[in-house]
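Asks:
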Amino acid sequence: MQHVLREHPDYDIVMLEATAAQTGSILNFIRQSSQNLFGWMVWIVQCNLPLSFCESREARRYSNLDLISEERFRAGMDGMVMAVERSIASGLPARFGIMLDGWTHASEHYVAVFACYEVNGCLNTSLLSMVPLLNEVDDDLSAESHHDFLATMPPRDYEVQLKHCRFVAGDNCSVYRPLAALMEVPLVGCASHRLNLAVQDDLRAHEQDLAAVQALMIKLRTLTQSAKLRPVIRQVTRWGSTIAMVKRYFELLEFIDVEYIMELLPAPAANKRLRILY
């Protein structure tokens, strides 16, 4: 290899050009076992399948991928995670920010941690971690638990200290404000979340009318409707869904003729107020 580097410093360009001219691909330089492992990774991860899927009899029967054990697949996934972590760590600057985003699925609460920094004048947000915080019986979702997690995860996985963080970005909630105070950095509140809070505060005066429309929409979901007439339900975290619900209500209003549904219709005075809101 030293001879190649010394006598042919442009060997990589020559090899790539030769391969592209012959086959248009660089797969000839990749081992078949690596291509096979990558194929299983893409299939299982992108289709959200269990890791044991590679040992499924049906998967092995109808796939042209070579057989692989779950243990080998897990080892490959672990190796890929370590390689990605090393790649991210090599690009992390001395100063960066942390962006947090929480997500609850069933009874599990996950926290996604992003590193925010500039690369050649452009914003870069690298996902550092997305894990549940509640692993032990005495764990909670307090600011202290978030701080303990952030104090251990970056040094362990990326060899950077929490003291290098210059700001925290996240929702304007009761957890992130004391977390920023514990870290002694400013909190950059989510502008979309602030807008949602402002809109929700403005809509609070119309809550009774909106609740009546919401109850009607929930009842309409029990009927068989075409996609264009399907009822719309508002969501707390998306203020635009409230306006979409009111809009769909007036689109459906003239077609509602089922007696037990008509009993849920808002009063004419409420319709007048809702039209002004819409």
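Under the working numbering, read the sequence shown as residues 29 to 306, first letter to last. Ideal Cβ placement from N, Cα and C applies to all residues, glycine included. These numbers come from a predicted model, not from an experiment.
#1: Buried or exposed: which applies to Ser254, given that a residue is buried once 16 or more other Cβ atoms fall within 10 Å of its Cβ?
#2: Alpha carbon to alpha carbon, what distance is there between Gln236 and Glu113?
#3: Can you tell me whether Gly198 is buried or exposed, with buried defined as 16 or more other CB within 10 angstroms of its CB?
#4: Out of curiosity, what's the CA-to-CA distance linking Val40 and Ala140?
#5: Candidates Ser157, Asp94, Ala295: which alpha carbon is nearest Val241's?
#6: Would you identify the three-state DSSP class for Ala140, choosing helix, strand or coil?
#7: Classify Tyr288 as buried or exposed, calling it buried when 16 or more other Cβ atoms lie within 10 Å of its own Cβ.
#8: Please list the segments of the alpha helix (DSSP H) lying wholly inside the stretch 266 to 300, counting only runs of 4 or more residues, in order along the chain.
#9: Assuming Leu161 and His137 make a contact with CB atoms under 8 Å, what is their CB distance in whole Å?
#10: Closest to Ser80 by CA distance: which of Ser97, Arg89, Phe66 is it?
#11: Going by DSSP in three states, Pro206 sits in which element: helix, strand or coil?
#12: Classify His174: buried if its beta carbon has 16 or more other beta carbons within 10 angstroms, exposed otherwise.
#13: Considering only DSSP beta bridges, list what Asp129 is partnered with.
Replies: Reading it off the structure:
#1: For the purposes of this step, residue 254 is taken as the residue at position 226 of the sequence shown. No answer about Ser254 holds up, because its pLDDT of 49 lies below 50 and its placement is not dependable.
#2: Locating residue 113 in the sequence shown gives position 85, where the first residue counts as 1. Locating residue 236 in the sequence shown gives position 208, where the first residue counts as 1. Each residue's alpha carbon lies about 50 Å from the other.
#3: For the purposes of this step, residue 198 is identified with residue 170 of the sequence shown, where counting begins at 1. So Gly198 counts as buried.
#4: Here residue 40 refers to the residue found at position 12 when the sequence shown is read from its first residue. Here residue 140 refers to the residue found at position 112 when the sequence shown is read from its first residue. Correcting the residue type first, residue 40 is Asp in the shown sequence and not Val. Each residue's alpha carbon lies about 38 Å from the other.
#5: Position 213 of the sequence shown, counting from 1, holds the residue named residue 241. Measuring from the Cα of Val241, the nearest candidate turns out to be Ala295.
#6: One-based indexing of the sequence shown puts residue 140 at position 112. Here Ala140 sits in strand by DSSP.
#7: The residue labelled residue 288 in the question sits at position 260 within the sequence shown. That one is exposed.
#8: 268 to 280, 287 to 290
#9: Taking the sequence shown and counting its residues from 1, one reaches residue 161 at position 133. Taking the sequence shown and counting its residues from 1, one reaches residue 137 at position 109. 6 Å between Cβ atoms; contact.
#10: Here residue 80 refers to the residue found at position 52 when the sequence shown is read from its first residue. Measuring from the Cα of Ser80, the nearest candidate turns out to be Ser97.
#11: In the sequence shown, the residue the question calls residue 206 occupies position 178. Helix, per DSSP.
#12: The residue given as residue 174 occupies position 146 in the sequence shown. Buried, by the Cβ-count rule.
#13: To locate residue 129, count along the sequence shown from 1; it is residue 101. DSSP lists Ala140 as partners of Asp129.
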